[in-house]
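Data block below; observations after.
Okay, structure coming up:
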(Lines of atoms letter the chains of each structure in order from A and count residues from 1; the text may use other names and numbers.)
(Lines give C-alpha, C1' and ligand atoms only; values in the text may rest on other atoms or scores of the structure.)
Protein backbone atom coordinates (compact mmCIF):
# COMPACT_ATOMS: atom_id res chain seq x y z
CA UNK A 1 0.00 0.00 0.00
CA UNK A 2 1.29 3.46 -0.93
CA UNK A 3 1.69 5.96 1.90
CA UNK A 4 -0.05 9.32 1.76
CA UNK A 5 2.16 12.33 1.03
CA UNK A 6 1.91 14.19 4.35
CA UNK A 7 3.71 17.49 4.89
CA UNK A 8 5.98 17.43 7.95
CA UNK A 9 4.85 19.00 11.24
CA UNK A 10 7.52 21.67 10.98
CA UNK A 11 7.46 24.77 13.15
CA UNK A 12 4.86 25.87 15.69
CA UNK A 13 1.20 24.90 15.82
CA UNK A 14 -1.22 27.43 17.28
CA UNK A 15 -4.25 25.86 18.97
CA UNK A 16 -7.03 28.42 19.35
CA UNK A 17 -10.10 27.76 21.48
CA UNK A 18 -13.22 29.89 21.22
CA UNK A 19 -14.06 29.69 24.92
CA UNK A 20 -11.30 29.64 27.54
CA UNK A 21 -13.22 28.33 30.53
CA UNK A 22 -13.03 25.04 32.40
CA UNK A 23 -12.29 22.74 29.44
CA UNK A 24 -9.77 24.93 27.64
CA UNK A 25 -7.86 25.98 30.77
CA UNK A 26 -7.67 22.34 31.92
CA UNK A 27 -6.42 21.30 28.48
CA UNK A 28 -3.76 24.01 28.48
CA UNK A 29 -2.64 23.21 32.03
CA UNK A 30 -2.31 19.51 31.22
CA UNK A 31 -0.16 20.10 28.15
CA UNK A 32 2.08 22.52 30.04
CA UNK A 33 2.44 19.97 32.84
CA UNK A 34 3.32 17.24 30.34
CA UNK A 35 5.96 19.47 28.77
CA UNK A 36 7.63 19.90 32.15
CA UNK A 37 7.41 16.20 32.98
CA UNK A 38 5.05 16.90 35.88
CA UNK A 39 2.29 14.61 34.63
CA UNK A 40 1.70 12.26 31.72
CA UNK A 41 -1.04 13.25 29.22
CA UNK A 42 -3.43 10.56 30.49
CA UNK A 43 -6.52 10.10 28.37
CA UNK A 44 -4.84 11.28 25.18
CA UNK A 45 -4.88 8.57 22.51
CA UNK A 46 -2.46 10.54 20.35
CA UNK A 47 0.13 10.60 23.16
CA UNK A 48 -0.44 7.42 25.17
CA UNK A 49 -1.84 4.78 22.81
CA UNK A 50 0.05 2.21 20.74
CA UNK A 51 -1.03 1.04 17.30
CA UNK A 52 -0.55 -2.47 15.97
CA UNK A 53 0.96 -2.75 12.49
CA UNK A 54 0.73 -5.89 10.36
CA UNK A 55 0.07 -9.27 11.93
CA UNK A 56 0.43 -10.03 15.62
CA UNK A 57 3.45 -12.20 14.82
CA UNK A 58 5.33 -9.18 13.45
CA UNK A 59 5.25 -7.59 16.91
CA UNK A 60 5.16 -4.04 15.55
CA UNK A 61 3.34 -1.87 18.06
CA UNK A 62 4.66 1.72 18.11
CA UNK A 63 3.15 4.66 19.89
CA UNK A 64 0.80 6.57 17.60
CA UNK A 65 2.81 9.76 18.11
CA UNK A 66 5.92 7.92 16.86
CA UNK A 67 4.09 6.37 13.92
CA UNK A 68 2.42 9.42 12.36
CA UNK A 69 3.96 12.90 12.00
CA UNK A 70 2.07 14.77 14.71
CA UNK A 71 3.05 18.17 16.07
CA UNK A 72 5.17 17.92 19.22
CA UNK A 73 3.73 19.20 22.50
CA UNK A 74 6.70 21.57 22.79
CA UNK A 75 5.70 23.18 19.48
CA UNK A 76 2.16 24.11 20.57
CA UNK A 77 1.21 27.74 21.16
CA UNK A 78 -2.05 28.43 23.01
CA UNK A 79 -4.59 31.14 22.32
CA UNK A 80 -8.28 31.77 21.86
CA UNK A 81 -11.18 34.02 22.69
CA UNK A 82 -13.32 34.33 25.81
CA UNK A 83 -16.08 36.75 26.84
CA UNK A 84 -15.31 36.46 30.57
CA UNK A 85 -11.82 35.25 31.57
CA UNK A 86 -8.83 37.61 31.28
CA UNK A 87 -6.21 34.82 31.11
CA UNK A 88 -5.92 31.04 31.32
CA UNK A 89 -4.82 31.12 34.96
CA UNK A 90 -7.84 33.13 36.03
CA UNK A 91 -10.07 30.78 34.04
CA UNK A 92 -8.56 27.75 35.77
CA UNK A 93 -9.00 29.27 39.23
CA UNK A 94 -12.60 30.27 38.49
CA UNK A 95 -13.44 26.84 37.11
CA UNK A 96 -11.96 25.09 40.14
CA UNK A 97 -11.16 21.92 38.21
CA UNK A 98 -7.50 21.84 39.23
CA UNK A 99 -6.01 22.28 42.67
CA UNK A 100 -3.68 25.16 43.36
CA UNK A 101 -0.72 22.85 43.84
CA UNK A 102 -1.17 21.56 40.29
CA UNK A 103 -1.13 25.10 38.92
CA UNK A 104 1.81 26.51 40.88
CA UNK A 105 4.56 25.27 38.58
CA UNK A 106 2.80 26.50 35.42
CA UNK A 107 1.13 29.63 36.76
CA UNK A 108 3.42 32.09 34.96
CA UNK A 109 2.78 30.46 31.59
CA UNK A 110 -0.94 30.25 32.27
CA UNK A 111 -1.12 33.95 33.17
CA UNK A 112 0.62 34.79 29.91
CA UNK A 113 -2.09 33.14 27.81
CA UNK A 114 -4.54 35.99 27.29
CA UNK A 115 -7.66 35.30 25.23
CA UNK A 116 -8.77 37.78 22.61
CA UNK A 117 -12.08 39.60 22.93
CA UNK A 118 -14.90 37.31 21.85
CA UNK A 119 -17.69 37.47 19.34
CA UNK A 120 -20.58 37.06 21.75
CA UNK A 121 -24.36 37.30 21.60
CA UNK A 122 -26.29 36.71 24.82
CA UNK A 123 -29.33 35.64 22.83
CA UNK A 124 -27.57 32.32 22.27
CA UNK A 125 -26.35 31.83 25.88
CA UNK A 126 -28.86 33.69 28.02
CA UNK A 127 -27.30 32.69 31.37
CA UNK A 128 -23.93 34.33 30.65
CA UNK A 129 -22.91 37.97 30.64
CA UNK A 130 -20.06 38.78 28.29
CA UNK A 131 -17.68 41.50 29.47
CA UNK A 132 -14.74 40.94 27.09
CA UNK A 133 -16.53 41.14 23.76
CA UNK A 134 -15.89 42.82 20.46
CA UNK A 135 -17.77 46.10 20.14
CA UNK A 136 -18.69 45.33 16.54
CA UNK A 137 -22.42 45.20 15.74
CA UNK A 138 -22.32 43.82 12.20
CA UNK A 139 -21.76 40.05 11.77
CA UNK A 140 -19.76 40.41 8.57
CA UNK A 141 -17.42 42.79 10.37
CA UNK A 142 -17.24 40.35 13.30
CA UNK A 143 -16.09 37.61 10.92
CA UNK A 144 -13.50 39.95 9.42
CA UNK A 145 -12.26 40.81 12.92
CA UNK A 146 -11.81 37.11 13.74
CA UNK A 147 -9.90 36.58 10.49
CA UNK A 148 -7.65 39.47 11.49
CA UNK A 149 -7.23 37.98 14.98
CA UNK A 150 -6.02 34.68 13.52
CA UNK A 151 -3.56 36.31 11.14
CA UNK A 152 -2.17 38.52 13.89
CA UNK A 153 -1.87 35.63 16.37
CA UNK A 154 -0.08 33.52 13.78
CA UNK A 155 2.41 36.28 12.98
CA UNK A 156 3.05 37.47 16.54
CA UNK A 157 3.62 33.94 17.84
CA UNK A 158 5.63 32.67 14.88
CA UNK A 159 3.15 29.89 14.12
CA UNK A 160 3.38 27.91 10.91
CA UNK A 161 -0.16 26.53 11.23
CA UNK A 162 -3.33 27.06 13.25
CA UNK A 163 -6.22 24.85 14.29
CA UNK A 164 -9.42 25.75 16.15
CA UNK A 165 -11.32 23.56 18.62
CA UNK A 166 -14.59 25.05 19.92
CA UNK A 167 -14.54 24.88 23.73
CA UNK A 168 -17.26 27.45 24.33
CA UNK A 169 -20.73 27.04 25.73
CA UNK A 170 -23.65 25.20 24.17
CA UNK A 171 -25.74 27.61 22.14
CA UNK A 172 -29.53 27.70 22.09
CA UNK A 173 -31.15 25.09 19.88
CA UNK A 174 -31.80 25.92 16.24
CA UNK A 175 -32.65 24.21 12.98
CA UNK A 176 -30.93 25.10 9.68
CA UNK A 177 -32.57 27.94 7.79
CA UNK A 178 -32.27 29.41 4.30
CA UNK A 179 -29.24 31.49 5.29
CA UNK A 180 -27.29 28.26 5.96
CA UNK A 181 -27.93 26.67 2.55
CA UNK A 182 -24.88 27.93 0.65
CA UNK A 183 -21.72 29.94 1.25
CA UNK A 184 -23.23 32.78 -0.79
CA UNK A 185 -26.42 32.89 1.29
CA UNK A 186 -24.42 32.72 4.52
CA UNK A 187 -22.17 35.59 3.48
CA UNK A 188 -25.20 37.67 2.57
CA UNK A 189 -26.67 36.77 5.95
CA UNK A 190 -23.52 38.02 7.67
CA UNK A 191 -23.84 41.35 5.86
CA UNK A 192 -27.54 41.53 6.72
CA UNK A 193 -27.06 40.57 10.39
CA UNK A 194 -29.33 37.57 9.95
CA UNK A 195 -30.68 36.52 13.35
CA UNK A 196 -30.20 32.84 12.49
CA UNK A 197 -26.40 33.16 12.43
CA UNK A 198 -24.89 32.29 15.81
CA UNK A 199 -21.42 33.22 17.12
CA UNK A 200 -20.05 29.68 16.67
CA UNK A 201 -21.01 29.83 12.99
CA UNK A 202 -19.10 33.09 12.60
CA UNK A 203 -16.01 31.51 14.17
CA UNK A 204 -16.27 28.50 11.86
CA UNK A 205 -16.67 30.66 8.77
CA UNK A 206 -13.71 32.83 9.74
CA UNK A 207 -11.55 29.75 10.38
CA UNK A 208 -12.33 28.15 7.04
CA UNK A 209 -11.66 31.42 5.23
CA UNK A 210 -8.30 31.54 7.04
CA UNK A 211 -7.25 28.00 6.06
CA UNK A 212 -7.65 26.86 9.68
CA UNK A 213 -9.17 23.42 10.49
CA UNK A 214 -12.18 23.62 12.81
CA UNK A 215 -13.51 21.01 15.26
CA UNK A 216 -16.83 21.57 17.05
CA UNK A 217 -16.75 20.40 20.68
CA UNK A 218 -20.33 21.44 21.47
CA UNK A 219 -23.73 20.38 20.08
CA UNK A 220 -24.05 23.72 18.27
CA UNK A 221 -25.28 23.79 14.68
CA UNK A 222 -22.01 24.69 12.97
CA UNK A 223 -19.83 22.23 11.04
CA UNK A 224 -22.91 20.24 10.00
CA UNK A 225 -24.36 23.15 8.01
CA UNK A 226 -24.41 22.81 4.22
CA UNK A 227 -22.63 26.15 3.82
CA UNK A 228 -19.74 25.10 6.10
CA UNK A 229 -19.35 21.73 4.39
CA UNK A 230 -19.28 23.51 1.04
CA UNK A 231 -16.72 26.05 2.24
CA UNK A 232 -14.47 23.41 3.82
CA UNK A 233 -14.35 21.46 0.57
CA UNK A 234 -13.90 24.54 -1.61
CA UNK A 235 -11.07 25.90 0.53
CA UNK A 236 -9.52 22.48 1.24
CA UNK A 237 -9.86 22.68 5.04
CA UNK A 238 -10.91 19.82 7.38
CA UNK A 239 -13.89 20.09 9.74
CA UNK A 240 -15.17 17.73 12.44
CA UNK A 241 -18.16 17.64 14.80
CA UNK A 242 -19.84 17.48 17.10
CA UNK A 243 -19.93 17.57 20.92
CA UNK A 244 -17.09 16.11 23.02
CA UNK A 245 -17.85 12.57 24.17
CA UNK A 246 -17.00 12.69 27.86
CA UNK A 247 -19.08 11.46 30.83
CA UNK A 248 -22.46 9.82 30.51
CA UNK A 249 -22.39 9.41 26.75
CA UNK A 250 -18.96 7.80 26.96
CA UNK A 251 -20.49 5.21 29.28
CA UNK A 252 -23.36 4.62 26.86
CA UNK A 253 -20.98 3.98 23.97
CA UNK A 254 -19.10 1.52 26.17
CA UNK A 255 -22.17 -0.39 27.45
CA UNK A 256 -24.56 -0.37 24.50
CA UNK A 257 -22.18 -2.23 22.13
CA UNK A 258 -21.92 -4.98 24.77
CA UNK A 259 -25.69 -5.40 24.98
CA UNK A 260 -25.89 -5.54 21.20
CA UNK A 261 -23.00 -8.01 20.91
CA UNK A 262 -24.82 -10.37 23.31
CA UNK A 263 -28.24 -9.70 21.71
CA UNK A 264 -29.69 -8.54 25.02
CA UNK A 265 -32.77 -6.35 24.71
CA UNK A 266 -33.11 -2.81 26.09
CA UNK A 267 -36.50 -1.53 27.22
CA UNK A 268 -35.47 1.75 28.82
CA UNK A 269 -32.50 3.97 29.60
CA UNK A 270 -33.01 6.81 32.07
CA UNK A 271 -30.10 9.23 32.42
CA UNK A 272 -29.82 12.20 34.74
CA UNK A 273 -26.90 14.48 35.59
CA UNK A 274 -25.99 17.13 38.10
CA UNK A 275 -23.18 19.59 37.48
CA UNK A 276 -22.36 23.07 38.65
CA UNK A 277 -19.83 24.58 36.24
CA UNK A 278 -20.41 27.22 33.55
CA UNK A 279 -21.68 24.49 31.24
CA UNK A 280 -24.31 23.48 33.81
CA UNK A 281 -25.41 27.10 34.23
CA UNK A 282 -25.81 27.53 30.47
CA UNK A 283 -27.71 24.25 30.14
CA UNK A 284 -30.13 25.39 32.82
CA UNK A 285 -31.84 27.35 30.05
CA UNK A 286 -34.35 25.09 28.22
CA UNK A 287 -33.27 26.17 24.73
CA UNK A 288 -29.60 25.43 25.43
CA UNK A 289 -30.49 22.13 27.08
CA UNK A 290 -32.44 21.13 23.97
CA UNK A 291 -29.25 21.36 21.89
CA UNK A 292 -27.49 19.03 24.32
CA UNK A 293 -30.49 16.71 24.64
CA UNK A 294 -30.67 16.12 20.89
CA UNK A 295 -26.95 15.30 20.84
CA UNK A 296 -27.22 12.87 23.76
CA UNK A 297 -30.39 11.11 22.64
CA UNK A 298 -29.12 10.09 19.21
CA UNK A 299 -26.28 7.84 20.35
CA UNK A 300 -28.33 4.73 21.28
CA UNK A 301 -30.17 4.48 17.97
CA UNK A 302 -26.86 4.78 16.14
CA UNK A 303 -25.40 1.84 18.07
CA UNK A 304 -28.39 -0.45 18.65
CA UNK A 305 -30.03 -0.08 15.20
CA UNK A 306 -33.69 -0.48 16.22
CA UNK A 307 -34.72 -0.67 12.57
CA UNK A 308 -32.60 -3.84 12.20
CA UNK A 309 -33.41 -5.31 15.64
CA UNK A 310 -36.98 -4.18 16.40
CA UNK A 311 -37.63 -7.01 18.88
CA UNK A 312 -34.65 -5.97 20.98
CA UNK A 313 -34.44 -2.20 20.59
CA UNK A 314 -37.59 -1.03 18.85
CA UNK A 315 -39.38 0.21 21.96
CA UNK A 316 -36.81 1.98 24.14
CA UNK A 317 -37.81 4.77 26.49
CA UNK A 318 -34.68 6.93 26.42
CA UNK A 319 -34.79 9.91 28.78
CA UNK A 320 -32.02 12.43 29.46
CA UNK A 321 -32.01 15.09 32.19
CA UNK A 322 -29.38 17.65 33.22
CA UNK A 323 -29.70 19.65 36.43
CA UNK A 324 -27.65 22.68 37.41
CA UNK A 325 -26.36 22.17 40.95
CA UNK A 326 -23.65 24.75 41.85
CA UNK A 327 -22.09 22.88 44.84
CA UNK A 328 -20.90 20.10 42.52
CA UNK A 329 -18.82 22.42 40.33
CA UNK A 330 -17.05 20.61 37.49
CA UNK A 331 -17.42 17.24 39.23
CA UNK A 332 -20.44 16.03 37.31
CA UNK A 333 -22.40 13.05 38.58
CA UNK A 334 -24.33 10.97 36.08
CA UNK A 335 -26.87 8.33 37.06
CA UNK A 336 -28.13 5.74 34.60
CA UNK A 337 -30.92 3.25 35.15
CA UNK A 338 -30.93 0.68 32.34
CA UNK A 339 -33.80 -1.78 31.94
CA UNK A 340 -32.67 -4.75 29.87
CA UNK A 341 -34.22 -8.12 29.14
CA UNK A 342 -32.87 -11.53 28.23
CA UNK A 343 -33.88 -15.14 27.61
CA UNK A 344 -37.67 -15.59 27.54
CA UNK A 345 -38.02 -11.84 28.01
CA UNK A 346 -37.07 -11.83 31.68
CA UNK A 347 -36.21 -8.29 32.86
CA UNK A 348 -32.99 -7.17 34.52
CA UNK A 349 -31.59 -3.82 35.63
CA UNK A 350 -28.21 -2.15 35.55
CA UNK A 351 -27.51 1.01 37.54
CA UNK A 352 -24.47 3.19 36.91
CA UNK A 353 -23.33 6.10 39.08
CA UNK A 354 -20.44 7.86 37.34
CA UNK A 355 -18.81 10.54 39.49
CA UNK A 356 -16.74 12.05 36.75
CA UNK A 357 -14.77 15.23 36.20
CA UNK A 358 -16.09 16.64 32.98
CA UNK A 359 -13.15 18.85 32.03
CA UNK A 360 -10.61 16.17 32.99
CA UNK A 361 -12.26 13.88 30.44
CA UNK A 362 -12.65 16.61 27.81
CA UNK A 363 -9.13 18.07 27.95
CA UNK A 364 -7.32 15.18 26.21
CA UNK A 365 -10.03 15.17 23.53
CA UNK A 366 -9.17 18.80 22.73
CA UNK A 367 -5.51 17.85 22.35
CA UNK A 368 -6.19 14.84 20.15
CA UNK A 369 -8.67 16.64 17.91
CA UNK A 370 -6.26 19.53 17.44
CA UNK A 371 -3.30 17.28 16.57
CA UNK A 372 -5.28 14.97 14.31
CA UNK A 373 -7.04 17.85 12.53
CA UNK A 374 -3.65 19.43 11.87
CA UNK A 375 -2.41 16.06 10.57
CA UNK A 376 -5.44 15.76 8.28
CA UNK A 377 -4.81 19.22 6.87
CA UNK A 378 -1.17 18.38 6.13
CA UNK A 379 -2.36 15.15 4.51
CA UNK A 380 -4.50 17.11 2.05
CA UNK A 381 -7.85 16.30 3.64
CA UNK A 382 -10.89 18.55 3.43
CA UNK A 383 -14.54 18.30 4.39
CA UNK A 384 -15.87 16.21 7.27
CA UNK A 385 -13.30 14.04 9.09
CA UNK A 386 -15.61 11.17 10.02
CA UNK A 387 -12.68 9.07 11.24
CA UNK A 388 -12.55 11.33 14.32
CA UNK A 389 -16.05 10.24 15.42
CA UNK A 390 -14.36 8.40 18.29
CA UNK A 391 -14.21 11.68 20.20
CA UNK A 392 -17.72 12.98 19.54
CA UNK A 393 -21.24 12.40 20.91
CA UNK A 394 -23.08 13.20 17.69
CA UNK A 395 -20.51 12.33 15.01
CA UNK A 396 -20.94 13.99 11.65
CA UNK A 397 -21.03 11.78 8.57
CA UNK A 398 -18.87 12.49 5.56
CA UNK A 399 -21.55 11.15 3.21
CA UNK A 400 -25.18 10.07 3.16
CA UNK A 401 -24.70 7.03 5.41
CA UNK A 402 -24.88 7.95 9.13
CA UNK A 403 -21.61 7.95 11.05
CA UNK A 404 -20.82 4.97 13.26
CA UNK A 405 -21.61 5.53 16.96
CA UNK A 406 -20.10 2.34 18.46
CA UNK A 407 -16.95 3.43 20.33
CA UNK A 408 -15.02 0.28 19.43
CA UNK A 409 -15.80 0.48 15.73
CA UNK A 410 -14.90 4.17 15.86
CA UNK A 411 -11.54 3.27 17.41
CA UNK A 412 -10.86 0.76 14.64
CA UNK A 413 -11.77 3.35 12.03
CA UNK A 414 -9.45 5.94 13.58
CA UNK A 415 -6.49 3.58 13.74
CA UNK A 416 -7.10 2.11 10.28
CA UNK A 417 -7.20 5.61 8.80
CA UNK A 418 -3.77 6.31 10.30
CA UNK A 419 -2.46 2.94 9.09
CA UNK A 420 -3.68 3.55 5.53
CA UNK A 421 -2.26 7.08 5.41
CA UNK A 422 1.13 5.70 6.42
CA UNK A 423 1.04 2.90 3.84
CA UNK A 424 0.18 0.09 6.26
CA UNK A 425 -2.56 -2.52 5.85
CA UNK A 426 -5.79 -2.05 7.79
CA UNK A 427 -6.19 -4.40 10.74
CA UNK A 428 -9.48 -6.36 10.74
CA UNK A 429 -8.60 -8.84 13.53
CA UNK A 430 -9.76 -11.67 11.25
CA UNK A 431 -8.08 -15.03 11.78
CA UNK A 432 -9.20 -16.34 8.40
CA UNK A 433 -6.75 -17.41 5.71
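Residue numbers (this note's numbering): 0 to 432.
Think of the CB as a built atom: it goes at the ideal place given N, C-alpha and C, for glycine as much as any other residue.
Residue i - containing beta strand (DSSP E), residue span
i           : result
residue 237 : 237-240
residue 214 : 213-215
residue 269 : 264-274
residue 333 : 332-340
residue 17  : 11-17
Pick from the options that is closest to residue i, judged by C-alpha positions
i           : options            : result
residue 399 : 298, 126, 383      : 383
residue 389 : 377, 27, 415, 232  : 415
residue 367 : 18, 43, 33         : 43
residue 107 : 89, 117, 347, 277  : 89
residue 364 : 238, 40, 0, 20     : 40
residue 375 : 318, 214, 260      : 214
residue 14  : 393, 373, 410      : 373
residue 103 : 118, 35, 408       : 35
residue 22  : 350, 279, 261, 63  : 279
residue 356 : 8, 98, 72, 49      : 98
residue 450 : 234, 223, 235      : Outside the modelled stretch of the chain, which goes from 0 to 432, sits residue 450, for which no answer is possible.
residue 31  : 111, 3, 8, 62      : 111
residue 265 : 220, 340, 167, 284 : 340
residue 74  : 11, 319, 406, 361  : 11
residue 198 : 53, 316, 17        : 17
residue 276 : 403, 322, 0        : 322
residue 256 : 129, 237, 241, 300 : 300
residue 126 : 4, 228, 283        : 283
residue 261 : 360, 38, 342       : 342
residue 385 : 298, 412, 292, 326 : 412
residue 271 : 320, 287, 230      : 320
residue 296 : 231, 244, 381, 281 : 244
residue 345 : 361, 52, 263       : 263
residue 27  : 52, 51, 76, 49     : 76
residue 86  : 24, 232, 29        : 24
residue 174 : 225, 33, 3, 325    : 225
residue 3   : 50, 422, 202, 60   : 422
residue 229 : 217, 258, 182, 216 : 182
With 16 other Cβ atoms within 10 Å as the buried cut-off, status of residue i
i           : result
residue 6   : exposed
residue 192 : exposed
residue 331 : buried
residue 433 : Residue 433 falls outside the range modelled here, since the chain spans only 0 to 432, and no answer is possible.
residue 432 : Low confidence applies here, because residue 432 scores a pLDDT of 42, under 50, leaving its location unreliable and the question unanswered by this model.
residue 150 : exposed
residue 55  : exposed
residue 170 : buried
residue 196 : buried
residue 424 : exposed
residue 204 : buried
residue 307 : exposed
residue 350 : exposed
residue 335 : buried
residue 124 : buried
residue 347 : exposed
residue 154 : exposed
residue 62  : exposed
residue 19  : buried
residue 268 : buried
residue 71  : exposed
residue 9   : exposed
residue 380 : buried
residue 219 : buried
residue 210 : exposed
residue 362 : buried
residue 194 : exposed
residue 60  : exposed
Opening and closing residue of the alpha helix (DSSP H) in which residue i lies
i           : result
residue 415 : 406-420
residue 248 : 247-260
residue 233 : 225-234
residue 108 : 106-110
residue 102 : 99-102
Residue i beta carbon near the ligand MG (any heavy atom closer than 7 Å)
i           : result
residue 218 : Absence of the ligand MG from the depicted structure is noted, as is the absence of any ligand whatsoever, leaving it without description.
**Asked** Can you list, in chain order, the stretches of the alpha helix (DSSP H) that have 4 or more residues and sit fully within the stretch 31-90?
**Response** 44-47, 63-66
**Prompt:** Is the stretch 85-97 touching the stretch 137-150, taking contact as three or more C-beta pairs under 8 Å?
**Reply:** They do not touch, by the three-pair rule.
**Asked** Given 8 Å as the limit, is there contact between the stretch 302-322 and the stretch 159-172, that is, 3 or more CB pairs closer than that?
**Response** Cβ pair count under 8 Å is below three, so no.
**Message:** What ranges does the beta strand (DSSP E) occupy inside the stretch 295-376, keeping only unbroken runs of at least 3 residues that lie completely in it?
**Reply:** Listed in chain order, the complete beta strand (DSSP E) runs (minimum 3 residues) inside the stretch 295-376 are 316-323, 332-340, 346-354.
**Asked** What residue ranges within the stretch 148-173 form continuous beta strand (DSSP E) runs of no fewer than 3 residues, ordered along the chain?
**Response** 158-165
**Asked** Is there contact here, the stretch 124-143 with the stretch 173-184, by at least three beta-carbon pairs under 8 Å?
**Response** no
**Message:** Using a Cβ distance threshold of 8 Å, determine whether the stretch 58-74 contacts the stretch 410-428, with at least three qualifying pairs required.
**Reply:** yes
**Message:** Does the contact criterion of 3 or more C-beta pairs under 8 Å hold for the stretch 105-121 versus the stretch 75-83?
**Reply:** yes
**Item:** Every unbroken beta strand (DSSP E) within the stretch 175-213, with a cutoff of 3 residues, ordered by chain
**Value:** Listed in chain order, the beta strand (DSSP E) runs fully inside the stretch 175-213 amount to none, counting runs of at least 3 residues.
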